[in-house]
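Under the UniProt record's numbering, the sequence shown has 57 at position 57, and the numbering climbs by one with no breaks.
See below for the structure under consideration.
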Amino acid sequence: MTALVVAIDGPSGTGKSTISRRIAAEFGLAYLDTGAMYRAAAWWCVREGIDLADTAAVAAQVRELPLQIGTDPREPSFAVGGEDVSVVIRSTEISTMVSAVATNLDVRAQLQDRQRAAIAAEQRPDGFSGGRGIVAEGRDITTVVAPDAQVRILLLADEAARLARRARELHGTTDSAALEATRDQVVRRDADDSTVSNFTTAADGVLTVDTSTMTLEESVDTVRGIVTRAL
Ligand code: C5P
1 MTALVVAIDG PSGTGKSTIS RRIAAEFGLA YLDTGAMYRA AAWWCVREGI
51 DLADTAAVAA QVRELPLQIG TDPREPSFAV GGEDVSVVIR STEISTMVSA
101 VATNLDVRAQ LQDRQRAAIA AEQRPDGFSG GRGIVAEGRD ITTVVAPDAQ
151 VRILLLADEA ARLARRAREL HGTTDSAALE ATRDQVVRRD ADDSTVSNFT
201 TAADGVLTVD TSTMTLEESV DTVRGIVTRA L
């Protein structure tokens, strides 16, 4: 049996991470959150006092990033030099600055190589999944990192739905103050990120799933159906 690669892209607030983890766990696959890799890179540069506007210094720093990736979908984890950063990389501070690192083309090339290596490791029997395969999610997995994946999905949702989901997640409410406080993390970040990746229109052969009016369960059901048909 050949290993399965499921590539899932989309902007923030589409349910991408939750859906990807659920699908990976259900099918016994590993899970790679590539956004967390950019977040860990940003965290490490800030911790080391690097000026994020200095693109050469950032690229040189990321080249030395001692990143350990845990691909268990039930408990994904990221450590830098042995220090668990899984929680700290989700802070508002990192969310605000991560695009500055992710739009550095040298950094992208480096992290894309590491992502391809992590995906390749899951084709082998000694990988987390025992060679079953992996769900990898991000912004450029269907197009750049794993364009040959057997399953390629672009998750989309309209801006209002994405803002509301993120506001509920971060502030527990969708009142106007919460929506405004969330806007930078959704609208501005997607605008910055889309200068280097196209994650709003599906490339050839990529299936689009619009989750705007779907519950999480309906979104998982839809993606599960697509993966099942590919088996
Ligand atoms: O998915 P998440 O919101 O955690 O991603 C954090 C950031 O990482 C994104 O805002 C984007 O700047 C970057 N990213 C990327 N390419 C990917 C995944 C994430 O540029 N494949």
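Heads up, the beta-carbon is just placed ideally off N, CA and C, and yes, glycines get one too.
As the structure is a computational prediction, the values presented were derived from the model and not from experiment.
| Item | Value |
| --- | --- |
| Alpha carbons only, please: which of S212, L105, A7 and K16 is nearest the one belonging to D54? | L105 |
| Have a look at L170 and A109 and give me their C-alpha separation to the nearest angstrom. | 31 Å |
| Look up R188 in the DSSP assignment and say whether it is helix, strand or coil. | helix |
| Beta-carbon separation of L163 and T208 under 8 Å? | no |
| Let me confirm a value: L65 is counted as buried when at least 16 other C-beta atoms fall within 10 Å, else exposed. Which label applies? | buried |
| Can you check which of these residues, F199, R139 and D193, is closest to D33 by C-alpha distance? | R139 |
| Would the region 34-41 and the region 174-189 be scored as touching if the rule is three or more Cβ pairs under 8 Å? | no |
| Taking only the alpha-carbon atoms, compute the straight-line gap between A120 and E217 and give it to the nearest angstrom. | 30 Å |
| List the whole-angstrom C-beta distance separating A41 from G133, where the pair is believed to meet the contact cut-off of C-beta under 8 Å. | The Cβ separation is near 25 Å, so there is no contact. |
| I'd like to confirm something about A167: is its beta-carbon nearer than 7 Å to some heavy atom of the ligand C5P, or not? | no |
| Based on Cα-Cα distance, which residue from W43, D193 and V145 lies nearest to I8? | V145 |
| For V6, which residues does DSSP report across the bridge? | V135 and V151 |
| Does the beta-carbon distance from A230 to V151 come in below 8 Å? | yes |
| Buried or exposed for R63, please, with buried defined as at least 16 other CB atoms from any protein chain shown within 10 angstroms of its CB. | exposed |
| Is DSSP giving E83 helix, strand or coil here? | strand |
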